[in-house]
Amino acid sequence: MTMTVKMTIDGEQIASEQQFEVLNPAIEEVHGTAPECSRDQLDSAMAAAEHALHSWRQDVDSRRSILRQCAERMRANTEELAKLLTQEQGKPLAKAKREIGGSARWFEYTADLEIPSTLIDVQGQDSVEVLRRPLGVVAAIIPWNYPVMTAVWKIAPALLTGNTVVLKPSPYTPLTTLRLGELLNDLIPKGVLNIVSGGDVLGEWMSCHPAVRKISFTGSISAGKSVALSAAPDLKRLTLELGGNDPAIILPNTDPKAIADKLFTAAFENSGQVCVAIKRIFVPEDIYRETIDELATIARGVKLGNGLDENTDLGPVNNRKQFERVQELVADAKQNGGTIAAGGGRYGDKGFFLEPAIVGDLADDARLVAEEQFGPALPILPYREIEEVIERANSGKFGLAASVWGSNKKQAAEIAQELDYGLVWVNQHLNIVPQVPIGGLKWSGIGVENGPWGLLEYTELQVIEVAED
Ligand code: NAD
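Numbering (the numbering used here), first residue to last: 436 to 904.
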C-alpha cells in the first residue's frame with residue numbers, strides 16, 4: 436500500500452488536485468504520493484508566512500522553547516520517520532535513524548545560540564546599538580541526499596532568528612519532510628513553517644516569489660545559478676550550498692592500509708551521495724597501487740541491499756537519473772583508459788544498485804575526475820610533487836571541502852591552507868557537527884550554514900542611534 440502525506444500551509448494539512456509518485460529506489464516501486472503544490476497554494480503559503488511574521492519575531496524565548504520541543508517530537512517519532520526516509524531515499528535504516536537523531540540535535544544546538552547585539556561607544560551619541568533582525572519570509576529548497584537534515588539546517592536558524600519559512604523538499608524525497616511538517620504542526624504557530632511539495636518548477640516559483648526576502652538553497656550548481664538569477668531582480672538574500680568535487684590528498688610516507696577504511700567510508704557514505712564526500716583521491720606514486728588495492732578489497736566486501744535489511748552496508752542510488760549518470764561516468768572512464776579495480780557494475784536486476792567502483796589510471800580531465808559524480812565511483816590519481824598536487828586539486832570551479840592525510844599533522848595543516856576549499860579536514864573527512872560552519876568557495880556556494888556564522892545568514896543588521904541630550 437502506498438502512503439499519502441499532505442502539505443502544511445498556514446497550520447492546516449492540505450492535499451492538492453494533482454499528485455506525484457515517489458519511488459522506493461531499492462525496489463523501483465511506488466512507495467507514496469505527494470501533493471503537487473499549485474501556484475495558488477504556494478501564494479497561500481507565502482501569504483501565511485508573511486502574516487505570521489509580526490508576532491513570531493516578538494519573543495525569542497518562546498522560539499527557543501519551540502525549537503527544543505521540535506527536537507523532542509522528532510526523537511519521539513524516530514522509528515516512523517527513519518523507516519519512511521529509508522523507503523524513499525534508500526539509505527540503510529541505521530543511517531536514517533542517525534539523520535533523524537542528528538536533525539533533532541541540530542534543533543537543540545540552534546535553540547541555545549545567541550543572537551548578537553553590540554553597543555558601540557560613539558562620541559556625541561547617547562547610544563549606538565547594532566542589532567540583528569530577521570529578514571522576513573525564507574524560501575528553503577532542499578535536495579534528496581539528506582532530505583531531513585538539510586531541511587532542519589535551514590528551518591532551525593531561520594525560525595530562531597524570527598523569520599518564517601516556506602520549504603520545499605526534492606520531488607524524489609518529499610514524504611519524510613512532509614510527514615515532519617505534520618508532526619511539528621501543533622508545536623509551531625500557524626503560518627510560521629509551511630511545507631509544500633512539487634518539482635523544479637515549484638522551486639522556480641518560490642525563488643521568484645515577491646513575498647520572499649531570503650532564499651536558502653541546497654542542490655546542484657546549475658540550479659543554484661538559476662536561483663541566483665531569480666533572486667536578482669528583487670535583491671533577495673541568498674545562501675547557496677552547492678555541489679563539490681572534494682579531493683583527498685595523501686602525503687608521502689603514509690601507510691595506505693592504516694587509512695583505507697576511513698577513506699572508503701568518506702567516499703562511499705550514503706552511496707557517495709554526500710555533497711562533501713571524497714570525490715577523488717591523490718596518492719604519491721610509490722604507494723599508488725597499494726592504495727588502490729586496499730580500497731578495492733574493501734569495496735569487494737561491501738554488502739549492498741535494501742536499506743530495511745539490517746545487514747546492508749550501502750543502499751541504492753536514490754533515483755534513475757543519478758543511477759544512469761554514475762554508470763555513464765564509469766563507462767566513460769573505461770573508454771578513456773581507466774582501470775576498474777573493483778565494482779562499477781549494476782548489482783541485481785531491480786533497484787538502483789551500483790557496486791562501489793574504485794577506478795585508477797585516469798587523466799585529470801576524464802569526466803569521472805573533473806565532474807561531480809555524486810555516487811559510488813571513486814577515481815584514484817597518482818602525483819609526484821606536493822606543489823603539483825596542490826595545483827591539480829585547486830584547478831576547476833569547485834571549492835566545497837577537501838582533506839589532507841599524513842603522519843606530520845603540522846605539515847598537513849599547512850598544506851590545508853593552500854587549498855581553495857571552504858572546509859579542509861586533516862586526517863579525517865566528513866566530520867560534520869552543528870558548531871562548525873560549512874560552505875563552499877568558488878562555484879560551490881555562497882555563504883555558510885551552521886554555527887553562529889550560519890545563524891547570522893538569516894539576519895540583517897540594523898543600527899539604532901540615539902542622540903545625546
Ligand atoms: P537539484 O539542484 O537538482 O535539486 C535541488 C532542489 O532544487 C530540488 O528541490 C529541486 O526541485 C529544486 N530545483 C531544481 N531546479 C531548480 C530551479 N531552477 N529553481 C529552484 N529550484 C530548483 O539537486 P539534487 O540533484 O536534488 O541534489 C544533488 C546536488 O546537491 C549535488 O550537486 C550535491 O552536491 C548538492 N548538495 C550540496 C550540499 C551542500 O551543502 N553544499 C548538500 C547536499 C547536496
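A virtual CB, placed ideally from N, CA and C, is assigned to each residue, including glycine.
Since this is a predicted model, take the numbers as computed values, not measurements.
In the DSSP assignment, Q524 forms no beta bridge with any residue. The alpha-carbon of D494 is positioned some 35 Å away from that of C710.
The C-beta separation of V627 from A487 comes to about 5 Å, placing the pair in contact by the 8 Å criterion. Contact between P609 and A469 holds, since their C-beta atoms are separated by about 4 Å, short of 8 Å. Nearest to G633 by C-alpha distance, out of A511, Q476, L502, E704, is Q476.
Residue ranges of uninterrupted beta strand (DSSP E) with 3 or more members, entirely inside the stretch 672 to 743 and ordered along the chain, are 672 to 676, 682 to 685, 715 to 719.
The three-state secondary structure of F809, taken from DSSP, is coil.
Per DSSP, the beta bridge partners of T468 are T439, E456. If you check the CB distance, M442 and A482 do not come in under 9 Å.
For L896, no alpha helix (DSSP H) segment is defined; the enclosing uninterrupted segment is the beta strand (DSSP E) at 894 to 902. For the ligand NAD, a non-hydrogen atom lies closer than 8 Å to the CB of E639.
Counted as a single uninterrupted DSSP element, the alpha helix (DSSP H) harbouring P592 occupies residues 582 to 595. The three-state reading of DSSP puts V839 in strand, counting E and B together. Beta-bridge partners assigned by DSSP to Q448: T443.
With fewer than 16 other CB atoms across the displayed protein chains lying within 10 angstroms of its CB, H489 is exposed. Out of N629, N741, M584, the CA that lies nearest to the CA of V600 is found in N629. P719 and R819 have their C-alpha atoms some 6 Å from each other. Remark: the shortest separation between the CB of I775 and any heavy atom of the ligand NAD does not fall under 8 Å. S665 sits in a helix when the DSSP states are folded into three classes. Selection E884, N843, A484 evaluated against V631 yields A484 as nearest (Cα-Cα).
Taking a cut-off of 8 Å on C-beta distances, the stretch 698 to 717 touches the stretch 573 to 589, as three or more cross pairs fall below it.
L670 carries a coil assignment under DSSP once its states are collapsed to helix, strand and coil.
Going by beta carbons, P604 and P887 fall outside the 9 Å limit.
With 6 Å as the limit between CB and the heavy atoms of the ligand NAD, the residues that fall short of it are I576, I577, P578, W579, N580, T585, K603, S605, P606, G634, D635, G638, E639, S642, T653, G654, S655, A658, S661, V662, E676, L677, G678, G679, C710, E807, F809, L835, G875, G880. For G783, the number of other beta carbons within 10 angstroms of its own is below 16, and it is reported as exposed. Out of A766, A792, L675, the CA that lies nearest to the CA of K714 is found in A792.
In the DSSP annotation of this structure, the continuous segment of the alpha helix (DSSP H) that includes R503 starts and ends at 495 to 511.
Contact check for V839 against L854 passes: the beta carbons are separated by less than 9 Å. Just measuring C-alpha positions, the residue of P691, A801, I685 sitting nearest G773 is A801.
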